[in-house]
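Residue numbering for the sequence shown follows UniProt numbering, starting at 1 and increasing by one per position. Every residue, glycine too, gets a C-beta built ideally from N, C-alpha and C. This report refers to the structure that appears directly beneath it.
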Amino acid sequence: MASRSHDTTAADGETAHAPASAGGDRIAKVLARAGLCSRREAERMIAAGRVAIDGTVLDTPARTVGANEIITVDGQPIPRAEETRLWRYHKPPGLVTTNRDPQGRSTVFDSLPGDLPRVVTVGRLDLNSEGLLLLTNDGALARHLEHPDTGWVRRYRVRVHGRVEPDRLGALESGVVVEGVRYGPIKAALERQQGANAWLTVALREGRNREIRHVMTHMGWPVTRLIRIGYGPFILGPLPRDSVEEVPRRQLRDNLGAGWTSGGPRRTRHGSDRDRAGGS
């Protein structure tokens, strides 16, 4: 999960253990729901002494927060928890799915419209991959959607170099070991063969780092293009490249349950005068 983060200054005050309170949510979850950071980032903020409850600086994330307690980060009260929202983004190739790249390459957050709130990505797409990337303002939702236990299928169109034998594709449904790494079942089918290249449709549930590229190279068919077209019930569809569209509230509720809600649908196209003026 990558996120668009905020820079704040260090908090003052002595560090002390905060007593556990009855009920409520864990502090890291509360900070994530407020749109400040992911849960992992929240734990780092707590370790740095930047988070306090009712004036007492925390030194542990093992703390639940009551409804009437006041949380501050760097001495400032946190904003009210935002309504959970989800967006579809058509990632182009050539962007890194991270906040900052040590090699100075462009990231997906450099490309997003400036009028989006702070968002985190649901999983990642590597530098040369393209297609559907889900974004949310709720770190808890991102973790839920990424987790293998959620069981959502990731679907791709994949162009490979080589002549594909359909019978060998069928064997991938039993999983495969590549250089000592065990990959789970992959459903792959030949869409069409075009000379020395072939297009495949690929579906998997686990989605480990560069999984399709590693497996197809192992099979003797190096990947030359990879497009994610679906993530669970959410599809890329006709969304233009480098565009963002919010998932409607009803669709989010129908697919995730009433515990998750989103704002209304909204589409922005990177490259318009408005987006360039407000871009990050």
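In this structure, DSSP gives H218 a helical state, which the three-state scheme calls helix. Between V158 and M216 a beta carbon distance of about 7 Å is seen, short of the 8 Å cut, so the two are scored as contacting. Spanning the alpha carbons of D138 and Q194 requires a straight line of approximately 43 Å. When the alpha-carbon of L236 is set against those of E165, N68, R155, the nearest one is in R155. When the beta-carbon positions are compared, L135 and V153 stay at least 9 Å from each other. Rounded to whole angstroms, the separation of the alpha carbons of Y231 and R241 is 17 Å.
According to the DSSP assignment, N255 belongs to no beta strand (DSSP E) but to the alpha helix (DSSP H) extending over 249-256. The closest CA to that of Q103, considering only L127, P92, V120, is found on L127. Excluding five sequence positions before and after R205, the CB atoms of its chain that fall closer than 8 Å to its own CB belong to P148, G151, W152, V153, R154, G184, P185, given in chain order. Judged by DSSP secondary structure, L112 falls outside any alpha helix (DSSP H); it is assigned neither H nor E. Between the stretch 59-69 and the stretch 161-171 there are fewer than three C-beta pairs closer than 8 Å, too few to call the two in contact. Just so you know, the alpha carbons of V176 and I212 end up roughly 11 Å apart. Where L141 is concerned, the enclosing alpha helix (DSSP H) starts and stops at 139-146.
Annotated three-state conformation of V73 is strand, per DSSP.
Buried is the label assigned to P61, since at least 16 other Cβ atoms lie within 10 Å of its Cβ.
Contact annotation: L226 and G131 have beta-carbon atoms nearer than 9 Å. In the three-state scheme derived from DSSP, where H, G and I count as helix and E and B as strand, S174 is classed as helix. Residues R33, A34 of the same chain have their beta carbon placed closer than 7 Å to that of A81, with the five preceding and five following residues left out of the count. E191 and R100 have their alpha carbons spaced roughly 37 Å apart.
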